[in-house]
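Undergrad:
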Amino acid sequence: MTPIEIGDLALSQGKATLQEQLFHAIRGKIVAHLWPLGGKLPSTRKMAGELALSRNTVIAAYEQLAAEGYIESRRSSGFYVAVELPDHYLSSQIPVTKPTSSVSATDINKLFAPGVPDLKQFPLSKWQRMLQRHATRVSLLGNQEIQGSLALRQALTNYLASSRSVSCHPKRIIITSGAQQALYIALNAVLEQGDNVLMEQPGYAQMSKVVALNGFGFQDLRVVEREGFELNDVFCSNAKALYVTPSNQYPMGTTLNTEQRLQLVEWAAQEKRWIIEDDYDSEFQFAHRPYTSLQGLASEMGGDEQVIYIGSFSKVMFNGLRLGYMVVPESIVEACLAVKDATSGDTPTHTQEALADFINEGDLLRHIRKMRRLYKLKHQTMSEAIQRHFANRVEIISQAAGLHITLKWTGGIEEDTWVERAKAADIIMRPMNYYEQKPHERTWRSVILGFGNVSLEEIEPNIQRLAELFGSKEVIQV
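Here the sequence shown is numbered in our numbering, starting from 4 and rising by one per residue.
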């Protein structure tokens with residue numbers, strides 16, 4: 004039941020009686036679909052008071068509308084717009100707007116959807132208690148600092164220093180609505196129209212959208228399977244900024260070692276170029292210990308003035324949280340805050356305060372450690388199931404890290420065809436071409452499967468189903 008606001012309802016001021024004017028005014032709202040079917044009309048007393056009419060006039064108009072089938076009276080409840088309107092109304096020339104179909108959240112987060120963590124494993128009860136802890140704080144109801152909660156920035160300072168060797172201070176951290184807003188702020192704070200951005204290809208599709216939206220030039224940095232990109236391609240570029248995902252390149256699944264990171268830091272410092280480090284999936288490395296962040300290495304070398312470090316909580320907690328952060332040099336803090344102020348203003352504060360507690364009380368670290376063990380097991384289960392049901396028809400080219408597996412094959416089914424077949428079977432995959440900013444001639448095909456939001460029990464039968472959709476299969480024992 005949706006209560007209806009009187010709003011701009013007005014009488015025609017014609018020669019008709021007040022009752023007739025009110026009848027036609029309400030009927031017009033209903034016929035034009037401005038009042039929802041099943042919506043509750045204001046009480047006769049409220050309608051009379053708002054329009055300066057007698058209550059008897061309103062009652063008479065309501066009764067006439069009910070008699071003609073436009074509204075209905077419910078005992079001890081009031082008047083409601085009829086769910087089924089009268090037949091003569093249906094022939095009206097006013098078009099009926101039908102609701103458009105949309106993809107539900109369930110569809111977006113289906114089996115093997117990339118980028119979605121295991122949502123059922125998140126400690127919701129504990130999170131709810133932390134939100135409730137701050138729900139009655141009146142001081143959080145007003146406008147807040149554009150830079151974000153000081154409590155959260157202090158918590159992040161300690162967490163990032165211990166987990167990623169990031170050198171920072173609360174005054175250098177800016178809280179954002181996810182990593183995507185952080186990327187938008189970073190580009191607009193350090194680049195000018197006409198500047199180029201060097202970006203991994205294939206690479207993060209949302210970053211490509213940010214670059215295109217702002218009209219910056221785009222230069223692709225070709226990523227090769229298992230090897231990553233050539234550093235010389237970076238050194239020869241005239242791009243003002245380099246965007247990288249060094250811990251687990253998305254979607255190819257490569258990583259930059261310490262030597263490569265040091266060379267990039269030195270290049271940025273000497274050439275006065277910007278490195279935008281998206282530390283994607285750094286928490287979930289299964290084959291080796293995580294490398295020190297680029298920002299941390301830059302600080303160790305004597306300065307991190309050219310590195311912008313970006314992260315979010317979408318993978319370590321849940322996507323709907325929509326909280327991210329950026330660690331920036333002091334020299335551009337004000338520029339970044341100006342961009343954020345102009346585009347979104349401050350960030351919801353109660354959630355930030357709850358997150359600060361979640362970090363400070365050790366719950367975030369405990370959750371990450373738990374999920375690291377689970378994701379490692381899921382990755383192993385996925386790899387074994389792929390080998391069993393695909394044999395040598397596909398190969399895994401991504402490293403043992405993160406929440407996704409990248410498959411490659413040559414010949415046979417087209418990647419878009421396989422993705423569509425899987426979608427019809429309620430399985431979500433992404434084709435490699437989704438991540439390519441420019442058309443690129445490949446002699447191989449590829450799809451990306453996420454395993455974060457898939458239970459261990461669901462992996463085997465659904466990999467088998469994907470193998471059947473791929474084509475004839477050969478089952479081997481592992």
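Positions of the beta carbon are idealized from the N, C-alpha and C atoms, including for glycine.
The structure displayed is predicted, hence computed values, not measured ones.
1) What's the C-alpha gap between M374 and Q209?
2) At which residues does the beta strand (DSSP E) containing S76 begin and terminate?
3) Is the beta carbon of I430 less than 8 Å from the beta carbon of L155?
4) Using alpha carbons as the reference points, say which of E286, V319, V86, I278 lies closest to A301.
5) Decide if N465 is buried, meaning its Cβ has at least 16 other Cβ atoms within 10 Å, or exposed.
6) Which residue wins for smallest C-alpha separation from F289, given the options D344, F454, Y253, R376?
7) Could you pull out every unbroken alpha helix (DSSP H) segment of at least 4 residues lying fully inside the segment 404 to 455, listed in chain order?
8) State the start and end residues of the unbroken alpha helix (DSSP H) segment that holds R132.
9) In chain order, what residues of the same chain lie with their CB nearer than 6 Å to the CB of G256, ignoring the 5 residues before and after it?
10) Helix or strand or just coil, what does DSSP make of K379?
11) Return the residue from the list A388, E148, Q355, P249 that minimises the CA-CA distance to M133.
12) For the alpha helix (DSSP H) that V61 lies in, which residues bound it at each end?
13) Are the beta-carbon atoms belonging to L216 and L201 less than 8 Å from one another?
14) Using the C-alpha atoms, what's the distance from L267 back to R488?
15) Pull up the distance between the alpha-carbon of E195 and that of T420, whole angstroms please.
16) Quick check on Q96: does DSSP put it in helix, strand or coil?
17) Count the other CB atoms, across all protein chains shown, that sit within 10 Å of the CB of A35; report buried if there are 16 or more and exposed otherwise.
18) Run the CB neighbour count on C171, radius 10 Å, all protein chains shown included, and call it buried at 16 or more, exposed below.
19) Counting only runs of 4+ residues fully inside the segment 302 to 387, write out the alpha helix (DSSP H) ranges in chain order.
20) Short of 8 Å in beta carbon distance, which residues of its chain neighbour A51, apart from the five on each side in sequence? Order them along the chain.
21) Residue range of the beta strand (DSSP E) that F221 falls in?
22) In its own chain, which residues sit with a C-beta less than 6 Å from the C-beta of W38, not counting the 5 before and 5 after it?
23) Identify whether V193 lies in helix, strand or coil by the three-state DSSP scheme.
24) From the DSSP output, in three-state form, read off L40 for me.
25) How would you write the range of the alpha helix (DSSP H) that I7 sits in, first residue to last?
26) Helix, strand or coil for D236 per DSSP?
27) Could you give the residue range of the alpha helix (DSSP H) that holds F473?
28) Could you tell me the alpha carbon to alpha carbon distance between L358 and A164, rounded to whole angstroms?
29) Quick one: what's got a C-beta closer than 7 Å to A341's C-beta in the same chain, skipping five residues either side?
30) Apart from the five residues just before and just after P293, which ones in its own chain have a Cβ nearer than 7 Å to its Cβ?
31) CB-CB under 6 Å to Y378, same chain, minus the five flanking residues each way: which ones, in chain order?
32) To which residues does DSSP link M202 through a beta bridge?
33) Would you list the one or two residues that DSSP bridges to V119?
34) Just to confirm the assignment, what range does the beta strand (DSSP E) spanning V84 have?
35) Any contact between the segment 228 to 243 and the segment 181 to 188? By contact I mean 3 or more CB pairs, one from each, below 8 Å.
36) Give me the Cα-Cα distance between Y524 and L144, rounded to the nearest whole angstrom.
TA: With the structure as the only source:
1) The residue you call residue 374 lines up with position 371 of the sequence shown. The residue you call residue 209 lines up with position 206 of the sequence shown. Going by the C-alpha atoms only, they are around 25 Å apart.
2) One-based indexing of the sequence shown puts residue 76 at position 73. If you look at S76, you'll find it in the beta strand (DSSP E) that goes 74 to 77.
3) Mapped onto the sequence shown, residue 430 falls at position 427. Mapped onto the sequence shown, residue 155 falls at position 152. Their beta carbons are not under 8 Å apart, which means I430 does not touch L155 by this criterion.
4) The residue you call residue 301 lines up with position 298 of the sequence shown. Of E286, V319, V86, I278, the residue nearest in Cα terms is I278.
5) Translated into positions along the sequence shown, residue 465 becomes position 462. By the 10 Å Cβ count, N465 comes out buried.
6) As a position in the sequence shown, residue 289 is number 286, starting the count at 1. Ranking the options by Cα distance to F289, first place goes to R376.
7) 418 to 427
8) In the sequence shown, counting from the first residue as 1, residue 132 sits at position 129. In the DSSP annotation of this structure, the continuous segment of the alpha helix (DSSP H) that includes R132 starts and ends at 127 to 138.
9) Along the sequence shown, one-based indexing puts residue 256 at 253. Here the set comprises S401, Q402, T409.
10) Working through the sequence shown from its first residue, we reach residue 379 at position 376. In the three-state reduction of the DSSP assignment, K379 falls in the helix class.
11) Numbered from 1 along the sequence shown, position 130 holds the residue referred to as residue 133. It is Q355.
12) Reading the sequence shown from its first residue, position 58 is the one you call residue 61. Note, V61: alpha helix (DSSP H), 58 to 70.
13) Working through the sequence shown from its first residue, we reach residue 216 at position 213. Working through the sequence shown from its first residue, we reach residue 201 at position 198. Between L216 and L201, the gap from beta carbon to beta carbon reaches 8 Å or more.
14) Nothing about residue 488 can be reported from this structure: the residues present for the chain run from 4 to 481 only.
15) Along the sequence shown, read from residue 1 onward, the residue named residue 195 stands at position 192. Along the sequence shown, read from residue 1 onward, the residue named residue 420 stands at position 417. Their Cα atoms are separated by approximately 41 Å.
16) Here residue 96 refers to the residue found at position 93 when the sequence shown is read from its first residue. Any reading at Q96 is ruled out, since the residue's pLDDT is 48, under 50, leaving its predicted position unreliable.
17) Numbered from its first residue, the sequence shown carries residue 35 at position 32. Note on A35: under 16 other CB atoms within 10 angstroms of its CB, so exposed under the neighbour-count rule.
18) Counting from 1 along the sequence shown, the entry for residue 171 is found at position 168. Its Cβ being crowded by 16 or more others within 10 Å, C171 is buried.
19) 336 to 346, 352 to 363
20) Locating residue 51 in the sequence shown gives position 48, counting from the first residue. S57, R58, T60, V61.
21) On the sequence shown, residue 221 is found 218 positions in, with the first residue counted as 1. F221 -> beta strand (DSSP E) spans 220 to 225.
22) Here residue 38 is taken as the residue at index 35 of the sequence shown, counted from 1. Result list for W38: I7, K32, V84, in chain order.
23) Position 190 of the sequence shown holds residue 193. The answer is helix: DSSP assigns V193 an H, G or I state.
24) Taking the sequence shown and counting its residues from 1, the one referred to as residue 40 is at position 37. Of the three classes helix, strand and coil, the one that applies to L40 here is coil, per DSSP.
25) The sequence position of residue 7 within the sequence shown is 4, counting from 1. From DSSP, I7 is part of no alpha helix (DSSP H); its letter is neither H nor E.
26) In the sequence shown, counting from the first residue as 1, residue 236 sits at position 233. Shown here, D236 sits in a helix according to DSSP, grouped into three states.
27) By one-based count along the sequence shown, residue 473 stands at place 470. Note, F473: alpha helix (DSSP H), 459 to 473.
28) By one-based count along the sequence shown, residue 358 stands at place 355. By one-based count along the sequence shown, residue 164 stands at place 161. When rounded, the distance between both Cα atoms is 17 Å.
29) On the sequence shown, residue 341 is found 338 positions in, with the first residue counted as 1. The answer is none, since no qualifying residue turns up.
30) By one-based count along the sequence shown, residue 293 stands at place 290. Excluding sequence neighbours, P293 sits near S250, S285.
31) Working through the sequence shown from its first residue, we reach residue 378 at position 375. So the list reads F287, once near-sequence residues are dropped.
32) The residue labelled residue 202 in the question sits at position 199 within the sequence shown. Per the DSSP secondary-structure output, M202 pairs in a beta bridge with D223, Y246.
33) Your numbering for residue 119 matches position 116 in the sequence shown. Beta-bridge pairing links V119 to no other residue.
34) For the purposes of this step, residue 84 is taken as residue 81 along the sequence shown, with counting starting at 1. From DSSP, the beta strand (DSSP E) with V84 extends over 81 to 84.
35) no
36) Here the chain has residues from 4 to 481 only, and residue 524 is not among them.
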